[in-house]
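S.K.: I have a structure I would like to understand better, so I am pasting it below and will then ask my questions one at a time.
Protein chains: 2
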Amino acid sequence: MNPFDAPHPTNELKATAPVCDRCGSRVAGLCQPLDIAALDEISSESQQTSMPAHSMVFREGDPAGKVFTLIEGFAKLTRLLPDGKQQVVGFRFAGDVIGYTTLPSYPFDAELLTDSRLCRLERGQLDGLLRRYPKLERRMLDLCVQELTATQEQLVTVGRRSAEARVAAFLLSLVEASRRRGPPRTVLEMPMTRADIADFLGLTLETVSRSLTAFRKRGWIREPVHHRVELINLPALSALAEGTSDNG
Amino acid sequence: MNPFDAPHPTNELKATAPVCDRCGSRVAGLCQPLDIAALDEISSESQQTSMPAHSMVFREGDPAGKVFTLIEGFAKLTRLLPDGKQQVVGFRFAGDVIGYTTLPSYPFDAELLTDSRLCRLERGQLDGLLRRYPKLERRMLDLCVQELTATQEQLVTVGRRSAEARVAAFLLSLVEASRRRGPPRTVLEMPMTRADIADFLGLTLETVSRSLTAFRKRGWIREPVHHRVELINLPALSALAEGTSDNG
DNA sequence: AGAATGCCTTGAATCCGTTCGACGCGCCGC
DNA sequence: GCGGCGCGTCGAACGGATTCAAGGCATTCT
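Protein chains in written order, with UniProt numbering: chain A, 1 to 248; chain B, 1 to 248.
Here it is, written out as structure tokens:
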């Protein structure tokens, strides 16, 4: 039914919603509280698609008719200002829901940063599922509250912290996001460009670049390869992000 | 049962949830989709209280055991940084819900800006109501999505707009909030201090003061009395907030 | 009434982040 | 191999917002 659910020739689990078996959404996302029966139903109503980097999942103002879960990959959510500047309102990682809103149209663009796999569901179908599985609606609300709290946190970062403190906070949020998805790692995927990070933090890309260079020179981080960071001195980054200038 | 529901000696409606009859929550808030029976139940489980200006409804970190609806008055929600600076993450107006979260503790302070009246409900009671009235849970989700969208909007304002554009956007958001509560007015309540506004917009109180003075000198606004603004030239304010520097 | 306090306004100097310009590097297509 | 392009880095100059400081105006307290 779909090209992704059987990478191993000997997949013995295909009787129980095989599509969902290794989806991040079961760990941290929408589908976490569902039993096998519900997963079966969801997987039969949803469609998996795969899209290349830089493609738009949807645009601000499009009728909000579909809901997505990011199975694999990275995405950014952006709002455009009339003068052309953009604000990144959030990044999304494997397992995260993208595009759920009660509004008639999406309030932001969603663009993939990497080649990705998505689980797509019609809004009407999701609403039906929400009605049939109260746990799902509750989960939806939980995720919304989580996201709201994260956005308020971001508001604090953008509103009150210095440039370097913002970049440090961003790196720490990457750690947090990675922890949500699996065991803690010191080397993290960071597929966003300096410009993306700048648009997230309310800075220019030059300032982001300078901050990261400064961290590198202080030995706090390393960038072994493009789009990957190693956080060496987490306490220092935390202290900087918190505004606690006295080093510990 | 409570001192507020019968200001007129001749109240003939007291048989049908009299407490809720004139509450803003029925117009724009949580209780909007409820019928008389549900309102009766809610009003019997909730308690009305009245609190003076500058009192704290709850503090960041307090166990999130209660949910409030602001019946009358104004409140600000703030997060504190380790270095003492504060970020106002939002203002709340009559009819708005305050303090609903699925987290174990409140993620921000809630402080009243004016003498206010509040409707208080135990979190457990609300959860019970949510189970009995699916419409209510749906409404909760709607409100959360609305708030998330507003917070993202605020992120754009703080992240990408100039000081004067932020202040203009703030004034326009006051108009929006007042429109939610009733017929459009040109003279608006603005009970927050310059410092509050600054902490909301990621500016200093001096910059806010200078911006408002500039607007006044251009004839765009008037401040007939303390804590009240009249918006005279809405198009100019909108243009400035949008970053459209070419005046129309 | 007079003093004290909180909030707002205004000015001058400073500073942090931006702007503008240039260059290096890796990747891709030709 | 070469040129073009996207992305990242770096330096110098600029500018908008902050910081620091002073003073005004209400309201409250004594």
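The C-beta atom is built at its ideal place from N, Cα and C for all residues, glycine as well. From a predicted model like this one, the values you see are computed outputs, not experimental measurements.
Sorted by chain position, which residues of the same chain lie with C-beta nearer than 7 Å to E60(B)'s C-beta, five sequence neighbours on each side aside?
M.R.: Contacts found: R79, L80, Y106, P107, F108, D109.
S.K.: Using a C-beta to C-beta distance shorter than 8 Å, which residues of chain A count as neighbours of F108(B)?
M.R.: In chain order: Q152.
S.K.: Kindly indicate the opening and closing residues of the beta strand (DSSP E) around M190(A).
M.R.: Careful: M190(A) lies outside any beta strand (DSSP E) and carries neither H nor E.
S.K.: Which residues does DSSP list as the beta-bridge partners of C119(B)?
M.R.: According to DSSP, C119(B) bridges with Q48(B), T69(B).
S.K.: According to DSSP, is R181(A) part of a helix, a strand, or is it coil?
M.R.: Correct three-state label for R181(A): helix.
S.K.: Is there a C-beta anywhere in chain B that falls below 9 Å from the one on V158(A)?
M.R.: Cβ-Cβ to chain B under 9 Å: yes for V158(A).
S.K.: Where does I36(B) land, buried or exposed, given buried means 16+ other C-beta within 10 angstroms?
M.R.: I36(B) is exposed by the Cβ-count criterion.
S.K.: Quick one: what does DSSP say E164(B) is sitting in, helix, strand or coil?
M.R.: Helix, per DSSP.
S.K.: So, F200(A) versus K85(A), is the Cβ gap smaller than 9 Å?
M.R.: Taking 9 Å as the Cβ cut-off, F200(A) and K85(A) do not qualify as a contacting pair.
S.K.: Can you tell me whether DSSP reads Q32(B) as helix, strand or coil?
M.R.: Looking at Q32(B) - three-state DSSP - the assignment turns out to be coil, as it is neither helix nor strand.
S.K.: With distances taken between CB atoms, is the gap from R228(A) to M190(A) smaller than 9 Å?
M.R.: Closer than 9 Å, so yes.
S.K.: For M56(A), is the classification buried or exposed, using 16 other Cβ atoms within 10 angstroms of its Cβ as the cut-off for buried?
M.R.: It is exposed - the Cβ of M56(A) has fewer than 16 other Cβ atoms within 10 Å.
S.K.: Evaluate T149(B) with the Cβ neighbour count: other Cβ atoms within 10 Å of its Cβ, from every protein chain shown; 16 or more gives buried, anything less gives exposed.
M.R.: With 16 or more other Cβ atoms within 10 Å, it is buried.
S.K.: Alpha carbon to alpha carbon, how far is L39(B) from C20(B)? Give it in angstroms, no decimals.
M.R.: So the alpha carbons of these two residues sit roughly 7 Å apart.
S.K.: Under 6 Å Cβ to Cβ from K135(A), same chain only, skipping five residues before and after it: list those, please.
M.R.: Taken in chain order, the residues that qualify are P33.
S.K.: Just the Cα atoms here: how many angstroms apart are E111(B) and G182(B)?
M.R.: Looking at the two C-alpha atoms, the distance is approximately 24 Å.
S.K.: If the cut-off is 7 Å on Cβ atoms, which residues from the stretch 77–89 of chain A count as contacting chain B, listed in chain order?
M.R.: Going along the stretch 77–89 of chain A in chain order, one finds R79, L81, P82, D83, K85, Q87, V89 with a Cβ nearer than 7 Å to chain B.
S.K.: Report the rounded CA-to-CA distance for E153(A) versus K217(B), giving the unit in angstroms.
M.R.: Taking the straight line from one Cα to the other gives about 36 Å.
S.K.: Smallest Cα separation from H226(B): which of R210(B), R194(B), L205(B), E206(B)?
M.R.: Among R210(B), R194(B), L205(B), E206(B), the Cα nearest to that of H226(B) is on R194(B).
S.K.: Hey, quick one: how far does the alpha helix (DSSP H) through R210(B) stretch, first residue to last?
M.R.: 205–217 is the span of the alpha helix (DSSP H), which, as asked, contains R210(B).
S.K.: Could you have a look at L141(A) and say whether DSSP puts it in helix, strand or coil?
M.R.: Three-state result, L141(A): helix.
S.K.: Give every residue of the same chain whose Cβ lies closer than 8 Å to the Cβ of G99(B), excluding the five residues on either side of it in the sequence, and list them in chain order.
M.R.: Excluding sequence neighbours, G99(B) sits near V57, F58, A64, K66, V67, F68, Y106, A110.
S.K.: Which one of T101(A), T157(A), R161(A), L171(A) has the shortest CA to CA distance from L141(A)?
M.R.: For L141(A), the nearest C-alpha among the options comes from T101(A).
S.K.: Return the first residue and the last residue of the alpha helix (DSSP H) that E242(B) is part of.
M.R.: Its alpha helix (DSSP H) spans residues 234–242.
S.K.: Determine, for D196(A), whether the minimum Cβ-Cβ distance to residues of chain B falls below 9 Å.
M.R.: Cβ-Cβ to chain B under 9 Å: no for D196(A).
S.K.: Are the Cβ atoms of G95(A) and S43(A) separated by less than 9 Å?
M.R.: No, the pair does not count as a contact, with Cβ atoms beyond the cut-off.
S.K.: How long is the line joining the alpha carbons of T157(B) and T213(B), rounded to whole angstroms?
M.R.: The straight-line gap from Cα to Cα measures roughly 20 Å.
S.K.: Would you list the one or two residues that DSSP bridges to L77(A)?
M.R.: Answer by DSSP bridge pairing, in chain order: G90(A), A110(A).
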